[in-house]
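A.B. asks:
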Amino acid sequence: TVQAFSEIPGLWKNGVANLYSFWKLDGFKNIHRVMLHNFNTFGPIYREKIGYYESVNIIKPEDAAILFKAEGHYPKRLKVEAWTSYRDYRNRKYGVLLKNGEDWRSNRVILNREVISPKVLGNFVPLLDEVGQDFVARVNKKIERTGQGKWTTDLSHELFKYALESVGSVLYGERLGLMLDYIDPEAQHFIDCISLMFKTTSPMLYIPPGLLRRVGAKVWRDHVEAWDGIFNQADRCIQNIYRTMRQDRSGTYPGVLASLLMLDKLSIEDIKASITELMAGGVDTTSITLLWTLYELARHPDLQEELRGEVVGARASSQGNMLQMLKRIPLVKGALKETLRLHPVAVSLQRYITEDIVIQNYHIPSGTLVQLGLYAMGRDPSVFRKPEQYLPSRWLRTENQYFRSLGFGFGPRQCLGRRIAETEMQLFLIHMLENFRVEKQRQVEVRSTFELILLPEKPILLTLKPL
Ligand code: HEM
Ligand code: 2DC
């Protein structure tokens, strides 16, 4: 017989007390390890209440399948109140990231066609490939300048620029110029604002932003400043395209923004809101995933050679056709999935379920917030054998992948930037593997820290050498 909702193990009776012990454990920065610990204590399902937010947590792929079957027509994630509070405060529209219900769906359907449908890949690839080539040229220049035939650095700053240049080129159909020596200080400010925005969001997951605003707390003020910087820069880019739209550039792909404006199916305000979200969502996510991937390849030199072999072979057999080449690099794609397994951007996926479900023999009523612990699942030995090992081959066709590859979320509410992210990251690895060997000094393992997204807790130093 099915057990009652109230029988689910966990600490969910006293939100304030739990918030206190969470804070004492430094849980704000360790949410991923706290979740892992909770699964070890309570088993594959537990209930929790921290501050004002209550959820049921699950970890198994089979249970994820049940969760996503109950997400309904308008899937809804945990509401990040810091983000909605800012928009309300400044009277700015929600884009797809924050919309819900029919308003979300109607916007999302139109955006899907321009941003994630397979037909747009052909438009994105040449743009993203050019950015990849420019990154290689930039690294070569840096190596030359050291006079040592190699370059040792914390690549994160370069990767942020690469990511912004990439997403900018597909959104606006033109280059921002971030692969040059002297970059627009406003673009650098935009990058800094995104990091600050994420960092100031995490405490507000547990302490209501409305309260912090009333007491004039610094996190709230910093958060507003960060979003202001993000919106100002995005507005400048959008205005720039809007002004030059009439210029005849027949034949060339004009970018996502111009395509949406010409399509004329969304209001300009809706377009602006979602383009801003895409631009802001496209920086830290892919750059950090690429940094972790280079880190893993540096730790596994033999694997790095194997991937290089695959890339060289794919280049030869596709004769300069990049779309073809992208179909011939299964191990590179496996490496990216493996990175997201061990170092996911999102600690969890969440949905408010729209029907009653049974998970691990417990009844869960419709309306409950259910979280899949993505970080914990990636490290669960009953889901991935030898989970501590970085093995891209576990993602080859022959392996069981049922509800295991969820780094970008699932279903109609999955990551809208997924195609851009995947293509941009694959092209990056192709170019890097074709041109450089990546090495690192011996050092203890780098762990993750939670700043809304998971980030390396300390700088990762890598050495790049020309082949
Ligand atoms: C949503 C992951 C890159 C824009 C999401 C979600 C995840 C995610 C897990 C929530 C999905 C769900 O609830 O099912 C990632 C990862 C990335 C990445 C791992 C790179 C490695 C990007 C990029 C962009 C972007 C490059 C923009 C170009 C968005 C947007 C949403 C979203 C707009 C909200 C979609 C909606 O609510 O309809 N992402 N993302 N992401 N992501 Fe990404
Ligand atoms: C953070 O408990 C932990 O892709 C919370 O590109 C639950 C939660 C809710 C929403 C998640 C968030 C977590 C992590 C960051 C995500 C976000 C949804 C979208 C966002 C996964 C897991 C991200 C990084 C977007 C950001 C776009 C943007 C304009 C800021």
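Numbered by our numbering, the letters in the sequence shown go through residues 28 to 494 in order.
All C-beta atoms, glycine included, are put in the ideal place defined by N, C-alpha and C.
#1: Using a Cβ-Cβ cutoff of less than 7 Å, which residues in the same chain neighbour LEU138 once the five nearest sequence positions on both sides are dropped?
#2: For THR312, which residues in the same chain have their Cβ closer than 8 Å to its Cβ, ignoring the five residues on either side in sequence?
#3: State the DSSP-derived secondary structure class of VAL43, mapped to helix, strand or coil.
#4: Once the 5 residues before and after GLU304 are set aside, which same chain residues still bring their CB inside 6 Å of it?
#5: Sorry if obvious, but does the Cβ on CYS442 come closer than 8 Å to a heavy atom of the ligand 2DC?
#6: Counting only the same chain and skipping the five closest in sequence on each side, list residues whose C-beta sits under 6 Å from that of SER112.
#7: Output yes or no for whether 9 Å exceeds the beta carbon distance between PRO414 and LEU369.
#8: Per DSSP, which residues does GLU81 bridge with? Please list them.
#9: With H, G and I counted as helix, E and B as strand and the rest as coil, what does DSSP make of THR313?
#10: Between the alpha carbons of MET306 and LYS485, how many angstroms are there, rounded?
#11: Under the rule that 16 or more other beta-carbon atoms within 10 Å means buried, what is GLN377, buried or exposed?
#12: In the structure shown, what three-state DSSP assignment does LYS87 receive?
#13: What is the residue span of the beta strand (DSSP E) that TYR389 lies within?
#14: Mark ASN118 as exposed unless 16 or more other C-beta atoms lie within 10 angstroms of its C-beta, in which case mark it buried.
#15: ILE170 by DSSP, collapsed to three states: which one?
#16: Using C-beta distances below 7 Å, list every residue in its chain close to GLU487, excluding the 5 sequence neighbours before and after it, in chain order.
#17: Tell me whether ALA92 is buried or exposed, calling it buried when 16 or more other Cβ atoms sit within 10 Å of its Cβ.
#18: Run the proximity test for TRP110: is its beta-carbon closer than 8 Å to any non-hydrogen atom belonging to the ligand 2DC?
#19: Any heavy atom of the ligand 2DC closer than 8 Å to the beta-carbon of LEU363?
#20: Applying the 10 Å Cβ sphere with the 16-neighbour rule, what's the burial state of GLY243?
#21: In terms of alpha-carbon separation, which member of ALA343, ARG248, GLY436 lies closest to GLN398?
#22: For the alpha helix (DSSP H) containing TYR379, list its first residue and its last residue.
#23: Thinking just about the alpha-carbon of each residue, which of ARG446, THR381, MET352, PRO328 is nearest to the one in VAL339?
#24: Go through the stretch 288 to 360 residue by residue and report every complete run of the alpha helix (DSSP H) that reaches 4 residues or more, in order.
#25: First and last residue of the alpha helix (DSSP H) that includes GLN398?
#26: Can you give me the C-alpha to C-alpha distance between LEU205 and PRO439, rounded to a whole angstrom?
#27: Could I get the ranges of all uninterrupted alpha helix (DSSP H) runs contained in the stretch 238 to 282, with 4 residues as the minimum, in chain order?
#28: Which residue from ILE221, LEU287, LEU52 puts its Cα closest to that of VAL136?
#29: Taking buried to mean at least 16 other C-beta atoms within 10 Å of its own C-beta, is GLN453 buried or exposed?
#30: Hey, could you find the ends of the alpha helix (DSSP H) PHE477 is sitting in?
#31: Roughly how many angstroms separate the alpha carbons of LYS496 and GLY174, rounded to a whole number?
#32: Three Cβ pairs or more, each shorter than 8 Å: is that satisfied between the stretch 222 to 233 and the stretch 275 to 284?
#33: Out of VAL310, GLY361, ALA343, which one is the CA nearest neighbour of LEU334?
#34: Among PRO483, THR450, ILE210, which one has its Cα closest to the Cα of PRO153?
#35: Below 8 Å on the Cβ atoms is my guess for ASP297 versus LYS120; work out the distance and round it to an integer in Å.
#36: Looking at C-beta atoms only, is the number of pairs between the stretch 62 to 69 and the stretch 89 to 105 that lie closer than 8 Å three or more?
C.D. replies: Reading off the structure:
#1: VAL123, SER301, LEU443
#2: ALA190, VAL372, GLY444, ALA448, ILE480
#3: helix
#4: GLY122, LEU124
#5: yes
#6: PRO236
#7: yes
#8: LYS76
#9: helix
#10: 25 Å
#11: buried
#12: coil
#13: 389 to 391
#14: exposed
#15: helix
#16: The question names Glu, yet the displayed sequence has Ile at residue 487. So the qualifying residues of the chain are ASP181, LEU318, TYR322, VAL473.
#17: exposed
#18: yes
#19: no
#20: exposed
#21: GLY436
#22: It is not in any alpha helix (DSSP H) - TYR379 instead sits in the beta strand (DSSP E) that spans 375 to 379.
#23: MET352
#24: 295 to 308, 311 to 326, 328 to 345, 349 to 353
#25: No alpha helix (DSSP H) contains GLN398, which is instead part of the beta strand (DSSP E) from 396 to 400.
#26: 33 Å
#27: 245 to 271
#28: LEU287
#29: buried
#30: Premise fails: PHE477 lies in the beta strand (DSSP E), 475 to 478, not in any alpha helix (DSSP H).
#31: Lying outside 28 to 494, the shown extent of the chain, residue 496 is not represented and no answer is given.
#32: no
#33: GLY361
#34: THR450
#35: 6 Å
#36: no
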